[in-house]
Amino acid sequence: MQPLTEQEIRASFVNTSLKERNSITMPDLGAISWDALDFLGWRDRKIDNVGYAVAHVDGAPVGVMMRTGNGRTRTRPQCSWCEDVHLPNEVVFFSAKRAGAAGRKGDTIGTLVCAEFECSANVRKLPPLAYVGFDAEAARLERIEALLENVTRFVAAVLG
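See the structure below:
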């Protein structure tokens, strides 16, 4: 992912009001390893049920504010973004208001995502060997590409 400034991140949000955008608790941008990320995702330290994701869509950063669901799942869900079946972390349901008039009317979209947005790290781990001759590196690269597509598809759906 291309490095972003705080101003670029704040300006990228498409489903927030100006007040919400200005009150976003930002991550420590200096501590981020940008080349190891496919999207920037973080949880709000001040508001427990809020998370943010910023992805490049058509070359421009697009930010989405999301809220976690209140319910609990009966079985362990799979992250819709990284699709990792060997997750070392929790997966939660996030919903996001759609951008524009649809969002102002209350239209939302939801997805299951790693609770702390560990997806970029998950897809970079070499998968276990599935069979003799399995190309783990090629599978890892496919998983990285799939993550980019899944995140971009979700953010585009928020845009409408």
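Using full-length UniProt numbering, read the sequence shown as starting at 1 and increasing by one per residue.
Beta carbons are placed, not taken as given, at the ideal position from N, Cα and C, and that holds for glycine.
{"Item": "Just verifying my parser: in three-state terms, what is the DSSP assignment at glycine 71?", "Value": "coil"}
{"Item": "Going by Cα to Cα distance, which pick from Ile24, Cys119 and Thr111 is closest to leucine 148?", "Value": "Cys119"}
{"Item": "I'd like to know if alanine 146 contacts chain C, where contact means its C-beta is closer than 8 angstroms to some C-beta of that chain.", "Value": "Among the protein chains of the structure shown there is no chain C, as only one such chain exists."}
{"Item": "Does the count of Cβ pairs from the segment 89-100 and the segment 67-80 closer than 8 angstroms reach three?", "Value": "yes"}
{"Item": "On a Cα-Cα basis, can you pick out the residue from Pro77, Ala156, Ala55 and Gly100 that is closest to methionine 1?", "Value": "Ala55"}
{"Item": "Are the segment 143-158 and the segment 118-132 touching, with three or more C-beta to C-beta distances below 8 angstroms?", "Value": "yes"}
{"Item": "Please list the terminal residues of the continuous alpha helix (DSSP H) segment that includes leucine 147.", "Value": "136-159"}
{"Item": "Would you list, in sequence order, the uninterrupted alpha helix (DSSP H) runs of no fewer than 4 residues that lie entirely inside the segment 30-112?", "Value": "100-104"}
{"Item": "Give me the residue from Pro27, Thr111 and Asp38 with the minimum Cα distance to lysine 46.", "Value": "Pro27"}
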